[in-house]
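Inspection log for the structure reproduced underneath, given as structure tokens.
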Amino acid sequence: MSINSSADNLGHIDMFKPFKHFFKRFFYQIIRFIKKYFWVLTCLFILGAILGFLQMKYQKSYESSLIVAPNFKSNEYLYDKIKVLDSKLKIKDIPFIKQLNLQQPEVITEIKIEPIVDIYSFVEYRDDKFKMVELMAEDSNVNKVIEDPNTSTFYDYHKIIIKSNAEISQADLQSIMSYLNDSEYYNKRKVLYIENVKKEIEQHRTSVELINQLLSNANVTTNNNVLVQNNNQLGDVIKYKSNLLIIIQNLSLDLENYSSVVKLVAKNDNYAPQASLLDNKIIVYPIVLVFLFILINSVVKVIRKVS
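Okay, here's the thing in structure tokens:
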């Protein structure tokens, strides 16, 4: 029994010998390479660090963010407009840029849009959206549904991120907003929406005035010591009036937001973006130069062996 177990142990040791040999050889080659090209690698590290420092010092990067609310079911329209704008600026479409009336289009490096995820406002008072989320979540994770591109366009608020290598002017930000609001179709819808909301507000205000008259008459009869037989009905009327006032307030806010197809809610311009490790050129450039040197050196060795 002990003889068999000893044989098994020896078998396992023999099995790992090739791996140990490989790693020993690998580390030996690395140490040998570093010793042989120590000064070359040192110079490449220093050169890369200097280049990275100079680029970070003289090539600034900025971000500007616009928080917007698309109205009149224009969410997909907004996303399409941003895609077109980004692609046109990247290919430097001169006629398009002139039409856009940008003063410094060359400083803009990228424009993108992302939703401000708020699932509660997404489904609040919207049974159709709540049912849509329920159906989509049946076969997948809820978090995936929330972040899914098909869902993301339907959120109320979205963030437009404009990346630039110099400070972007207020005039250019305004030109971008004008471009987003330049739609004959949605501007016609805007007029219709505003007219309907104004009519709805007027109807509700008329109802509130009628309720006030009813309550005033009820107070008069009560003061004349005439019993009010149905206090519950008056309570329902008062509750209905309160609901109408809330509706009027919400519609008035909607009317304010409907001033444009894509409403600018807030903006934060020309701030320094949050840097990641890959954005640190002082670290990235030396690594890239050393990697290229190792790659070229390896290719040259292979070519020599083949020839």
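Going letter by letter, the sequence shown gives residues 1 to 307 in the UniProt record's numbering. Even for Gly, the Cβ is constructed at its ideal location relative to N, Cα and C.
Whose C-beta lies closer than 8 Å to the C-beta of residue i among residues of the same chain, with five residues either side of it excluded?
i, result
"V226", "Reliability of the predicted coordinates at V226 is poor, the pLDDT of 45 falling under 50, and the value obtained from them is presented with this limitation in mind. Excluding positions up to five away in sequence, the list is empty."
"A272", "S61, Y62 and E63"
"I168", "Y62, S64, Q104, V107, I108, I162, D269 and N270"
"N224", "Caution is warranted here: a pLDDT of 45 is assigned to N224, below 50, making its placement in the model unreliable, and the coordinate value is therefore given only provisionally. Correct list: empty, nothing qualifies."
"residue 309", "The question about residue 309 has no answer, for the chain in this structure spans 1 to 307."
Does the distance from the C-beta atom of residue i to that of residue j stay below 9 Å?
i, j, result
"L68", "L54", "A quick correction: the sequence has Val, not Leu, at residue 68. Cβ atoms of V68 and L54: not closer than 9 Å."
"L289", "L47", "yes"
"V197", "L255", "yes"
"L102", "D182", "no"
"L66", "K267", "yes"
"S164", "E63", "yes"
"I201", "S252", "yes"
"K159", "I94", "no"
"Y37", "F291", "no"
"I113", "I91", "no"
"V299", "S74", "no"
"L41", "I34", "yes"
Under the DSSP definition of a beta bridge, which residues are partnered with residue i?
i, result
"A69", "K263"
"E76", "In the DSSP output, where bridge partners are listed per residue, E76 has none listed."
"H158", "V68 and P115"
"Y271", "E63"
For residue i, which residues of its own chain have a beta-carbon under 7 Å away from its beta-carbon, when the five flanking residues on both sides are left out?
i, result
"H204", "L244, I247 and I248"
"L44", "P286, L289, V290 and F293"
"L100", "S175 and Y179"
Taking residue i as part of the beta strand (DSSP E), name the residues at either end of that continuous run.
i, result
"K112", "I108 to P115"
Taking the alpha helix (DSSP H) that residue i falls in, what are its first and last residues?
i, result
"S61", "From DSSP, S61 is part of no alpha helix (DSSP H); its letter is neither H nor E."
"residue 310", "With the chain covering 1 to 307 only, the question about residue 310 has no answer from this structure."
"I91", "No alpha helix (DSSP H) contains I91, which DSSP labels as neither H nor E."
Report all residues from its chain with a CB closer than 6 Å to the CB of residue i; omit the five preceding and five following residues, and keep chain order.
i, result
"A49", "I282 and P286"
"I97", "P105"
CB of residue i to nearest heavy atom of the ligand NAP: below 8 Å?
i, result
"V302", "As far as ligands go, the structure on display features none, and thus does not contain the ligand NAP."
#### Entry: Runs of alpha helix (DSSP H) lying entirely within the segment 160-212, each at least 4 residues, in chain order
Contiguous alpha helix (DSSP H) elements confined to the segment 160-212 occur at 170-180, taking only those with 4 or more residues.
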